[in-house]
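Only one structure is covered here, and it is reproduced in the block below.
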Amino acid sequence: MIFEIDNIELNFSGRNVLNGIYLKAETGKVTGLLGTNGSGKSCLFELFFGSMKAKYKLVRVDSNPLTKPLFKTKKVKFLPQFNFIPNSVKLSVVFELYKVNWESFVTVFESFIPYRNSKFKELSGGERRILETYLVIKSDSEFILLDEPFSHLSPININLFKRLIAEEKKNKAVVIT
Numbered sequence: 004m005i006f007e008i009d010n011i012e013l014n015f016s017g018r019n020v021l022n023g024i025y026l027k028a029e030t031g032k033v034t035g036l037l038g039t040n041g042s043g044k045s046c047l048f049e050l051f052f053g054s055m056k057a058k059y060k061l062v063r064v065d066s067n068p069l070t071k072p073l074f075k076t077k078k079v080k081f082l083p084q085f086n087f088i089p090n091s092v093k094l095s096v097v098f099e100l101y102k103v104n105w106e107s108f109v110t111v112f113e114s115f116i117p118y119r120n121s122k123f124k125e126l127s128g129g130e131r132r133i134l135e136t137y138l139v140i141k142s143d144s145e146f147i148l149l150d151e152p153f154s155h156l157s158p159i160n161i162n163l164f165k166r167l168i169a170e171e172k173k174n175k176a177v178v179i180t
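Per this note's numbering, residue 4 is the first one in the sequence shown, and the count goes up by one each step.
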C-alpha cells in the first residue's frame, strides 16, 4: 500500500509551520523524517493520522483521496511522543485491546513477565515507552507512524526495536522521526 499526504498548509497564530509538504510511505519501506526541534514533524504525523486539522491537506491511500481522517480507516497506528495509554488500565487489557500477543512480548522483553496484571502507572518511563512502542509496531495495521520511538530507551532496547521494525515493514508502511 502507498500512503501519501500532500499540499499541507498549517499555521499557528499567523506563523506558517508547514507549507507545501509532501510525504509518501510504502509497504516494505521505512521512511525517515528528519528535522530540527520545532520544525513540525509531530504536527505532520498528527495531520497524517487525522487528529489535527490543517488549512489545506490531501491524504491518499493507493492514489485514492480520503474524505475522512486516516485513523477512522483503522489502517494506521500512531506512536506519539507522549504516553497514550491511561494510567489506570491493566497491561493485560491493553494487549487484548490491541490484539497483540502477551507471550510474544515477554519472549522479547522478559523483565515484563511479572507485570501482566499491573496497571500502566506502575511502570517506569522507559518501560512505558517499550510497551507502547511494541504495541504500535506489532498491532494489526498497515501503516505505522513512530514519533521518536527510541527516546527513553537503552541501546539494547533500541536494537531490539530496530529488528522488530525491520520484520514488520514487510507487511506495513513505516514512518519514523
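Think of the CB as a built atom: it goes at the ideal place given N, C-alpha and C, for glycine as much as any other residue.
Would the beta-carbon of V103 fall within 7 Å of that of K141?
Your numbering for residue 103 matches position 100 in the sequence shown. Your numbering for residue 141 matches position 138 in the sequence shown. Contact flag set, yes.
Taking C-alpha atoms, which residue in P83, L37, V33 and N22 lies nearest to F52?
Within the sequence shown, the letter at position 49 stands for residue 52. Residue P83 is the option with its Cα nearest to F52.
Helix, strand or coil for R18, going by three-state DSSP, please let me know.
Stepping through the sequence shown from its first residue, residue 18 is reached at position 15. In the structure shown, R18 adopts extended strand secondary structure according to DSSP, grouped into three states.
Under a three-way DSSP split, which group does F146 fall into?
Position 143 of the sequence shown, counting from 1, holds the residue named residue 146. F146: strand per DSSP, three-state reduction.
Considering only their Cβ atoms, is the gap separating M4 from E145 smaller than 7 Å?
The residue given as residue 145 occupies position 142 in the sequence shown. The residue given as residue 4 occupies position 1 in the sequence shown. Cβ distance < 7 Å, so E145 and M4 count as in contact.
With C-beta atoms as the reference, is V62 less than 7 Å away from L47?
Within the sequence shown, residue 62 is the residue found at index 59, counting from 1. Within the sequence shown, residue 47 is the residue found at index 44, counting from 1. It is not a contact, given that the beta carbons lie outside the stated cut-off.
Okay, do the region 152 to 160 and the region 122 to 133 touch, 3+ Cβ pairs below 8 Å being the bar?
Contact holds: three or more Cβ-Cβ distances are below 8 Å.
Nearest-angstrom Cα distance between S42 and V20?
To locate residue 42, count along the sequence shown from 1; it is residue 39. To locate residue 20, count along the sequence shown from 1; it is residue 17. Each residue's Cα considered, the two are about 7 Å apart.
Out of Y101, V33 and E7, state which residue places its alpha-carbon closest to the alpha-carbon of D150.
The residue given as residue 150 occupies position 147 in the sequence shown. Looking only at Y101, V33 and E7, the smallest Cα-Cα distance to D150 is reached by V33.
Going by beta-carbon coordinates alone, are L94 and S54 separated by less than 7 Å?
For this step, residue 94 is matched to residue 91 along the sequence shown. For this step, residue 54 is matched to residue 51 along the sequence shown. Not a contact, by the Cβ cut-off of 7 Å.
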